[in-house]
Each structure stands twice: as structure tokens, then as C-alpha cells.
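First comes the structure, then the notes that go with it.
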Ligand SMILES: Cc1ncc(COP(=O)(O)O)c(C=O)c1O
Ligand SMILES: Cc1ncc(COP(=O)(O)O)c(C=O)c1O
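Chains as they are written, first to last, in the working numbering: chain A, 3 to 478; chain B, 3 to 478.
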């Protein structure tokens, strides 16, 4: 493909993309295809001769869109949001054209340096203390990870290497595997499944602790678990505090947990994957009180800050422990400037990395802090609007207080009724929700996901929920 | 940003991107900036009010391009190539617009299904046996990983869970940590640093074995190491065979290694990160003889097949072992169709995943197999052209036979002279190379990287190398 054709193709795609997003409301949110739908629609093998771009363009609706779940439809309320914005899409075009692999400073200085500074911008924007930021002049700083799952794993590896280092000095007679078998980490039983996965991957025990009646992990519970494990001869080394759990958007008691971690020499990682974006708004920062006690902090601009996937923002006070965990450096990756700027390959699981900070730069500049705040506040207001509708119908109850853009609700009564309700709602095909279950209580989650969602969409969602409830209860 | 502005912005960016790539030859390949160059060029904080897109556009040259290492310059010969093509950039626009998170089939059927079928197309294109492909009807199939490093880690985790399962049955009295401490994996000492990293991450021993005088790991060497470790009471469980080592593009003796692995019940993973793309051309498939003996195979279309990063293609005969390693499934991720199509979240380290198969689809269709083959053959021919120039000057010698697009060469004589040569070449600023060192022999690597590279660029590269050599030798 030549430049001339590319320009035609890219411009046609820009028109298509705008058309798709502006009219996304009219599409059926979840497609009605069955597994295996796609294979018969296309040839069995790659073509030998090149096809014209118009042929590809023609296939998008037929092959792709017919099987797409429209995450950016204002009628999509499942999971948590994933971000999408025009500035971010354009930034990725530039990133694709430069297509450098920023594993070290020299491999593309701009790629590393924009990331360092953007992570400072972003850290300041959410009110992170200076001790997490590169501008403080020490080793601390931010890095863009692909996902929150990777951040949790990276933090665990840092915690592991810090603790191994200490324990080896205290007990030179112990082998690596002896130490490893004693390490134990902790999280709320409501923490994201990626925390458990990080434990599996890192080959260490992770205990899930029971939260209080508001699904918050408390300091006291953590202290008790730590005491118990120390008595058993184990070595507590890592805690993940969740700000905004996936099931119900509960916030761990960070301030309490922070004290317990600090006084027990335990690495504290904060997973604020979804809710972290809300800290752009000062009125929500009370939820991260105690953040200065943590060793690492992570949230996903790719969830709720209009930066397209993948952009998970992580800050570390002492990245040296991560670097230590990955200390393998062949000659072809060494360079003269080593040490004067971070070589981000040591801060992450993969070696290669794209120029992802461009997305952050474009989004922060083209929205401005003010509009990003507006966006967050609007989503939270829409959640409260749905909450109000819900509470106005006495058949319904909330499972959890609404603090962010998530409403956890249910029909009063049996789980079976609520399972039937969900099936009914999704079956009608107008909106899309997923359920969750906590302490054996099954409930529905309505997350405000799309940047196109308006009150009228919430009215429709409520109408769907109500009509489905009518049907379910009529059958009882 | 509204749709109208987006269209203007995206179209302006399309023009910029085409202009950048078509004239990339005229840019200085490595920028002359010093660490810290960028911070003073932009404000200390994100703007409160939105800026116009034209302001961002204006800053690209000043802030970004001044610090970019141009990986797609035809004068860039460092590392290995990273891919970049017009069809791929446009595919990423569409992926950005759909912006689904394809962690399960239901989360976007098209995202999973196109990936399944594209991995079949690609597998057939490189001549992979049917037992690796989904179309064979069993559990086997392909998955797009972010990087080859992740693929190596994922395969290691699969190997670990398969072996743990077996050993637990044989020795129910052993603890997890006892088994873990006995596991041992193997690779060529020339394997990529990510293999060692995977071992560190997975918490298992990895032995690096000495290759033969052509830098190939041989079956006999592996068998000896395995015998020795079994005598010590260890449990061999994993081997990585490299097809195309990073330092010098050597190929492990796969066929021999495969036999050893199969007869010792050891998982064989193939890392063909760079060289794998060459298997599109039947004349290079002799280098992957024995591939059917492997459990998993990986190569990076994002290196040498014109698909932008990140797109690392991995096939697994028995993905169930990976799924087993990650067996954590909360309610909000379950769905009705579970089991009838792969839920790719179980095949990878992160949870979230973009719609990356679009890039493969666009590239394969818009180039066609024929042009992809042409592209590979041209790169290899250019490497041979440089080889010829090099061998025509008796001061030079090759460190390794040229098989792919990499030439490993040096001045006859001391390492110091060659270090001086590299500094001189890169110092002149016209071309960019990185060195390597194997068995204490320091040499220079010239990798054909850009799709814009022509014979005339090789002539210039050779002129630079020769002139630098003249200077170095004159000083001796
Ligand atoms: C609290 C929490 N942590 C982690 C994750 C995983 O995010 P990612 O896909 O970026 O790994 C999620 C996703 O919903 C989440 O809600
Ligand atoms: C043989 C080999 N394996 C693995 C890698 C790492 O690739 P990635 O950046 O995709 O992890 C490379 C990179 O050059 C390589 O040459």
C-alpha cells in the first residue's frame, strides 16, 4: 500500500469511525451471533494476491460489526467502563507511525521522557503525594503498564525481592525456596481475580481476608491475619488494598491498612483500577486518605479517563526493587546513558513497549482537567439518577451505597428471582448488564460506561429493568 | 472533541503520518538530545482548559520528533526490526473505535473469533502442522500475545502446571514448594534475556546450555544436562528452543531437541520471535524441521511481518495447561457460552485485551501472501548484499553465516578495535547499529529493519562502516 492509498483509506476510516461512534446508540448492544459465526464468513486462508482496501472496508459491517459487543453504546452497562475518545485514537495513529520500541532511553528518548513527564502530570492531577513522582528528584516515578493485572504482579515481584533481600540477610542459612514457601500476601476477598493470579504467577501464598459489612478490608482484620501468620512462622510481605472493588465498588480502609503495613514492613500496593480516575475531582480524594503510606499505586486511565486501552498508570516509590527482580541485561540492550533516565524495560513484564504516553498527552491537553472532571462527575450523577429511580420502586433495594458510577441493585427477595431478572433484561436485548454475588447475595451491577450516556439512556435502562421485573414477578 | 473536529484532526494526522514515513530517510536516525531534554519543553502540569488540536499538532515536531529514534528509517540497523505498515495503522484506528475488551467470547464475539481464524490463516501461511491449529477441531489453537517475552512466560506456566500435575500424582507426599524447588528448565545460553526473566518470574531454575560452534543448541547437550539433573533428583520440565537468536540469528537444532524433549516428557517451546516470519517462504522452512515435536510455538508478526506492535503470535497444542495455571473465575466474568469458544483471558498474563487480530486481517489481505514473501526475500537479499560488500574488504570478517536479514561482522583483530569502530559509526550519526558479544568476541550487528530500505541505503551503510574503519585503523 502506497502513501496515497493510505491517505484515502485512513480518511475513509476516520469517517467510518466517527459515523460508528456518533450513531452507536442505534446498534443492538450485544450481537445475537452464536459461537463459530465468523469462520464461514471469510475464506479459509489468506489471499495470495493483495486485495483493495475498499474490499476490506466493505467487510467490516458484514464480518466484524455483526459480532461486536458495543462497549461504547450508551446502553452498555456491563463490567466497568473501558475508555475511548477521539484524541486517543488520533494519538495512537501517531504512535503507530513512529512505532518505536521504547525499552530503553536510547531506543527512543521521546518515548521514555514523555512518559516520565505525563506520569507526573497525571499524578499531580489526581493529588498523588510528591514522593511518588519523578519531579521529586529521587528514584520514584510513574510508568504505563498494559493492565492493572500486570501492575499488581509487578508490585508483588518488587515486594518479593525487597523481602527476600531482607530475609536472606537475617537468615543466610535459608534457601530461596524455603523463604519463598514462607512468604504470604493479603487482600480483601473482594479484590480482583488478578490479585490471586499474581500470587499464582509469583509462586507465593495470597490470603483473602473477610471485609466488614460494607465490603471494606479493615486494618484490624489485616493485623490479626499478620499476627497469626507470624506465629506460624510465615513472612507477611505484600498487601493489595483495593479502592473500588470490581463487584460493588467498595473502598478498603486504606488509612488503617497503611499503618499496619508500615509497622510490619510489608509492601502496600493500591489497586484503584476503576475508581482512581475519580481522584481528578478533589471531592473524592477522601477515599484515598492514607495513600502516602503505600509503596505503589495503580489506576487505569484506560477504564475511566478517556484514554484508550492499554494505559494503566502505576507509580512506585522504590522502583529499584522491581529492577532488581528483573536484573538481566545483555550487551545489545546496554547504552551509554544508562542510569540518567529510567530504562522502562526493567519496570514491566514484557520487554517491548509502544509509545503510549502520547495518548495521555493528547487526552489531557484536548480535554483539559476541567472537562475530565466534568466527565467523571456526569457519570457519577447518572449513577445517582439510576439509584433514585431504583429506590423509588419499593420492590428494589441497593446492595451497596453508590459512590462512583456503579449501581448495585436487586429485587428484594431470592437470588433466583434476581437471576431470572438478569436473564430477562439481557434477553430483551436493549441493554446489557452483568451480575455479581457477594456473601451469597446475587445482585445486578449497572455501570455507567459510555461517554455518550445521557439521562434518557438511564430512563430506558430503568424501563427495561422495571418491565423485566414485572414479567419475573408475574410468573412467581 | 466532537466528531467534526475528530475528522479534521485524524485526516491531518493521516497526512502527517504519510509525510513522516515517506520522508523518514531525511531525518537523523538517532536524535542528539541529552537525558532530560523534554521536560523543559512543555508545561509542568496538564492544562485546565482544553487546547485546540492544532496546538498539539504544532508541538509534535518540536517536542516529540526532536527526541525520536527513527526505527523505520532505512538507515536504522539496530536490534531487530519492529514492524510498521499502513494497513496496520488503519486497522488500529478501527480497533480503537470499537475498543472492546475481549477477555471472553461474550465480551465481543468478533474479537475472539477473528483471532481464532486469523491465527489459523497465519499458521497455515508459515506451514505450521495442523495439530497446532483450531481448524483441526481439537483444543489446539493460536492466540495473540503482547510480546514474545509473555509467550515464553505463558508456555513456562503451562509446562509448570503440566509437570506439577504429574509429579503430584507420583509423589502425593511432596509439597508444592518441594516440587517447585526441583523443577528445572533449559535454553541455549544465546537465548533471549526474556527466557531467563520467565524463569525468575515463575520462580524456577533455568539452566543455560552451551551451544555448538555455530551457536546452536544441540540435542546431545540437552540430553546430557537432563541426565545430570535427574541424577541430582531434579525434575526437567521445560525447554525453550530459539530459532534465530537475538545476538547472531543462530538456529537451535530443533529436530534433535524435539526428540529429547518428547522422550523425557518435557514441554518444548519454540521462540522464533524474529526469524519466524521467514517461514512464510517455503525455502526457509528447513530451519523449523521438527516443529511438530513442540508443545508451543511463537513468533512476532510485530517484528518482521509488517504488523505493528503489539502482535506476538503463539500456538499451543494443549492450552488446557495454561488455563489450569490461571484457574480463577469470578461470576462477573462467567457467561452462558463458556466452553464453546476460547475465553482468551485464560491464555495470557493480563486480563484485558484489545482487538488485535484486525491488524493481522488487514495486513494479510492488503499485502497478500505474495507481497509478504517478497518483503522477507528482499530483506534477506539486502543482508546478503551487505555481506558481499563486507567480504570484499579483507579487513573484515563475518561472525556468523547470514541466513536472515542480519549480518554479524567485525574487523579482524581485537575487540577494542571493534568497540572503537561501533562508537565511530554511531558517532557519525548517519546510521545506527548495536553490537553484541558471544564467547568474548565483540561484533557488530547490522539488521535490515525498515520496509523502506533499498540497496542504495546499504551502500551508504557500507560507506559509513568503511570510512569509520579507515579512521579507527589509522589511529592504531
Ligand atoms: C479493581 C480492579 N482491579 C483490576 C482490574 C483488572 O484490570 P485490567 O484489565 O487492566 O488488568 C479490574 C477490572 O475491572 C478491577 O476492577
Ligand atoms: C529471539 C527473541 N526472543 C524474544 C524477543 C523479545 O521479543 P518481545 O519484545 O516481543 O518480547 C526477541 C527480541 O528481539 C528475540 O530476538
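Don't be surprised by glycine CBs; every beta carbon is placed ideally from N, CA and C. Note that the structure is predicted; figures quoted are calculated from it, not measured.
Strictly under 7 angstroms for the Cβ-Cβ distance: is residue i near chain B by that measure?
i             : result
residue 152/A : yes
residue 112/A : yes
residue 478/A : no
residue 190/A : no
residue 123/A : yes
residue 234/A : no
residue 448/A : no
residue 303/A : no
residue 445/A : no
residue 451/A : no
residue 442/A : no
residue 311/A : yes
residue 48/A  : yes
residue 142/A : no
residue 103/A : yes
Given a threshold of 16 other Cβ atoms within 10 Å of its Cβ, counted over all protein chains shown, does residue i qualify as buried or as exposed?
i             : result
residue 288/B : exposed
residue 54/B  : exposed
residue 156/B : buried
residue 393/A : exposed
residue 321/B : buried
residue 238/B : buried
residue 383/B : exposed
residue 167/A : exposed
residue 2/A   : Residue 2/A lies beyond the residue range present for chain A, which begins at 3 and ends at 478; the question has no answer from this structure.
Taking 7 angstroms as the CB-CB limit, is residue i close to chain A?
i             : result
residue 380/B : no
residue 24/B  : yes
residue 367/B : yes
residue 419/B : no
residue 183/B : yes
residue 193/B : no
residue 463/B : no
residue 158/B : no
residue 402/B : no
residue 53/B  : yes
residue 94/B  : yes
residue 278/B : no
What residue does the beta strand (DSSP E) around residue i start on, and which one ends it?
i             : result
residue 300/B : 298 to 301
residue 22/A  : No beta strand (DSSP E) holds residue 22/A; the alpha helix (DSSP H) holding it covers 5 to 24.
residue 273/A : 269 to 273
residue 410/A : 408 to 413
residue 316/B : 314 to 318
residue 245/A : That residue, residue 245/A, is in no beta strand (DSSP E); it is neither H nor E in DSSP.
residue 448/A : 443 to 449
Note the first and the last residue of the continuous alpha helix (DSSP H) segment covering residue i.
i             : result
residue 172/B : 150 to 172
residue 116/A : 111 to 127
residue 437/B : Premise fails: residue 437/B lies in the beta strand (DSSP E), 436 to 440, not in any alpha helix (DSSP H).
residue 92/A  : 88 to 100
residue 430/A : 417 to 430
residue 47/A  : From DSSP, residue 47/A is part of no alpha helix (DSSP H); its letter is neither H nor E.
residue 58/B  : 55 to 61
residue 179/B : 178 to 184
residue 146/B : Taken as a continuous stretch (DSSP letters only), residue 146/B belongs to no alpha helix (DSSP H), being part of the beta strand (DSSP E) at 143 to 147.
residue 259/B : 256 to 266
residue 132/A : Unbroken run through residue 132/A: none, as it is neither H nor E.
My assumption, with CB atoms under 8 angstroms, is that residue i sits in contact with residue j. Please give the rounded CB distance.
i             : j             : result
residue 308/B : residue 453/B : 7 angstroms
residue 12/B  : residue 306/B : Not quite, the Cβ-Cβ distance comes to about 28 angstroms (not below 8 angstroms), so this is no contact.
residue 518/B : residue 404/B : There is no way to answer for residue 518/B, as the model of chain B reaches only from 3 to 478.
residue 290/B : residue 256/B : 6 angstroms
residue 310/B : residue 254/B : Actually they do not touch by this definition, with Cβ atoms about 28 angstroms apart.
residue 263/A : residue 242/A : Wrong, their Cβ atoms sit about 11 angstroms apart, outside the cutoff.
residue 159/A : residue 327/A : 4 angstroms
- prompt: What beta strand (DSSP E) runs, 3 residues minimum, are completely inside the region 188 to 237 of chain A?
  reply: 207 to 211, all fully within the region 188 to 237 of chain A.
field: Any beta strand (DSSP E) of 3 or more consecutive residues that is wholly inside the region 341 to 401 of chain B
entry: Every unbroken stretch of the beta strand (DSSP E) spanning 3 or more residues and falling wholly within the region 341 to 401 of chain B is given here in chain order: 398 to 400.
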